Amino acid sequence: MNSAKLIELPKILDKRGNLSFIESLQHIPFEIKRAYWIYDVPGGEIRGGHAFKEQKEFIVALSGSFDVIIDNGKEKQKFHLNRSYFGLYVPAGSWRSMENFSTNSLALVVASTAYHVSDYIRDYNEFLTFTEANNTYSTSRNANKPFTSIHNFQSTTVNDCQLIELDINHRDKGNITVVENQQEILFNIERIYYLYDVPGGEERGGHAHKELYQLIVAAGGSFDVILDDGKNRRKVSLNRPYQGLKIVPGIWREIVNFSSGSTCLVLASHHYDENDYIRKYENFTMLKEK
């Protein structure tokens with residue numbers, strides 16, 4: 335896919351809040367290596383103004399709206415993003431900027447490479463030279479390292495779930511928090527999903543996973559996560575976009591006390607697999623005791 339394109343994502347409607355998701359090499363034409371979100375952007379601000387030699391991107395307006403300007407060196411296109419179930423695919427070698435942010439908007443960017451300063455082109459004339467030379471770069475250096483689970487379903491406890499302080503890249507034009515595969519988290523991101531349009535005070539979740547690792551972030555608003563290992567329960571409050579709750583396999587979890595308009599962002603270690611879910615609590619406790 336060599337040109338910028340809007341892609342419609344699945345949207346699962348639910349009166350308790352809607353859900354959309356992105357899976358590596360399914361909804362987007364690349365493996366996910368990195369994800370970051372941009373928040374606290376002043377209304378009307380402009381961001382970006384650079385290109386990547388190698389990195390491909392997928393950009394979603396998780397809340398609010400903004401415009402993305404794509405320049406391939408010959409022509410410009412403007413894409414308006416204002417729906418959580420649409421995203422913009424940006425191919426490598428595209429000069430892009432983001433502008434006209436609405437107040438309290440939230441942008442999610444999914445990237446095909448880990449961070450490499452050498453991959454950035456920040457000078458427009460250098461970008462034009464790059465496009466005229468029709469340069470191509472190998473992506474072999476960015477292959478995901480194999481990930482092996484280090485937790486056993488029966489033995490995990492609520493204390494294995496950790497609240498992680500993520501880095502904040504402070505900017506006058508808005509803050510950025512970044513998560514890279516096997517850096518801030520120990521797994522590779524294969525799926526990203528998010529809950530939005532959640533009524534205040536609502537509850538979600540009520541299931542466990544056999545193998546899935548997750549990082550849950552309150553990208554907007556706040557909510558509580560109830561963790562249960564079959565013997566002990568623990569409540570973790572999330573209300574900062576630079577904090578993430580790591581959840582290991584073998585933990586029953588519920589998400590409660592959503593503030594109005596909150597956005598729950600989840601980075602997950604596997605594609606969706608219904609066989610990995612345990613949806614009845616009595617089945618969960620039986621499996622934990624085996």
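The numbering of the sequence shown is this note's numbering, which starts it at 335 and goes up by one.
We put the CB at the ideal spot given by N, CA and C, even for glycine.
Note that the coordinates shown come from a computational prediction; the quantities given were computed from them, not determined experimentally.
Buried or exposed for residue i, going by 16 or more other Cβ atoms inside 10 Å?
| i | result |
| --- | --- |
| Glu451 | Per the sequence shown, the amino acid found at residue 451 is Val instead of Glu. Exposed, because fewer than 16 other Cβ atoms sit within 10 Å of the Cβ of Val451. |
| Gln389 | buried |
| Pro376 | exposed |
| Thr511 | buried |
| Leu340 | exposed |
| Lys367 | buried |
| Gly555 | buried |
| Gly421 | buried |
| Asp642 | Examination of residue 642 is not possible in this model, given that the chain is present from 335 through 624 alone. |
Residue i to residue j, Cα distance in whole Å?
| i | j | result |
| --- | --- | --- |
| Asn438 | Gly351 | 19 angstroms |
| Asn406 | Thr491 | 51 angstroms |
| Val583 | Asn573 | According to the sequence as given, residue 583 is Pro; it is not Val. The alpha-carbon atoms of Pro583 and Asn573 are separated by roughly 23 angstroms. |
| Glu460 | Asp506 | 26 angstroms |
| Glu588 | Leu497 | 16 angstroms |
| Thr473 | Tyr454 | Any reading at Thr473 must be qualified, since the residue scores a pLDDT of 49, below 50, and its modelled position is unreliable; no value is offered. |
| Asn617 | Ser483 | 22 angstroms |
| Asp607 | Glu545 | 10 angstroms |
| Glu433 | Tyr527 | 25 angstroms |
| Lys565 | Ile585 | 11 angstroms |
| Glu514 | Glu342 | 25 angstroms |
| Ser337 | Gly578 | 33 angstroms |
| Asp560 | Thr447 | Here residue 560 turns out to be Ile, not Asp, going by the sequence shown. Approximately 33 angstroms, taken between the alpha carbons. |
| Phe413 | Ile519 | 32 angstroms |
| Gln384 | Gly427 | Looking at the sequence provided, one finds His at residue 384 rather than Gln. Looking at the two C-alpha atoms, the distance is approximately 10 angstroms. |
If you compare alpha carbons, which of the options is closest to residue i?
| i | options | result |
| --- | --- | --- |
| Asn503 | Met335, His543, Gln488, Ile372 | Ile372 |
| Gln360 | His485, Phe413, Ala445, Arg525 | Arg525 |
| Phe464 | Gly539, Trp429, Ser446 | Trp429 |
| Ser571 | Leu599, Ile581, Lys565, Val590 | Val590 |
| Val532 | Ile585, Tyr458, Asp610, Phe592 | Phe592 |
| Ile403 | Gln548, Arg381, Asn416 | Arg381 |
| Glu537 | Ala553, Asp558, Ala552 | Asp558 |
| Ala369 | Ala445, Glu379, Tyr458 | Ala445 |
| Ser603 | Phe435, Ser489, Ala467, Lys580 | Lys580 |
| Asn416 | Lys410, Val424, Pro425, Ser399 | Ser399 |
| Pro425 | Arg613, Lys387, Leu347, Lys410 | Lys387 |
Could you tell me how far apart the beta carbons of residue i and residue j are, in whole angstroms, since I believe they sit closer than 8 angstroms?
| i | j | result |
| --- | --- | --- |
| Leu500 | Tyr576 | 5 angstroms |
| Asp523 | Leu601 | The identity of residue 523 in the sequence shown is Ile, whereas the question assumes Asp. With 8 angstroms as the limit, Ile523 and Leu601 qualify as a contact, their Cβ atoms being about 5 angstroms apart. |
| Tyr530 | Leu621 | That belief does not hold up - the Cβ atoms of Tyr530 and Leu621 are roughly 31 angstroms apart, past 8 angstroms. |
| Glu516 | Phe481 | Per the sequence shown, the amino acid found at residue 516 is Gln instead of Glu. About 7 angstroms separates the two Cβ atoms, so the contact holds. |
| Glu365 | Val443 | That belief does not hold up - the Cβ atoms of Glu365 and Val443 are roughly 15 angstroms apart, past 8 angstroms. |
| Ser596 | Ala552 | 6 angstroms |
| Gly535 | Asp374 | Contact doesn't hold; Cβ gap of about 25 angstroms is too wide. |
Using only the heavy atoms of the ligand MN, determine whether one of them is closer than 7 angstroms to the beta carbon of residue i.
| i | result |
| --- | --- |
| Phe355 | For the structure depicted, the ligand MN is absent and the ligand set is empty, with no information on it obtainable. |
**Report entry** Complete beta strand (DSSP E) runs within the stretch 425-450 (minimum length 3 residues, chain order)
**Finding:** 429-433, 440-445
**Report entry** Every unbroken beta strand (DSSP E) within the stretch 496-532, with a cutoff of 3 residues, ordered by chain
**Finding:** Counting only runs that start and end inside the stretch 496-532, the beta strand (DSSP E) elements of at least 3 residues fall at 496-499, 509-514, 525-530.
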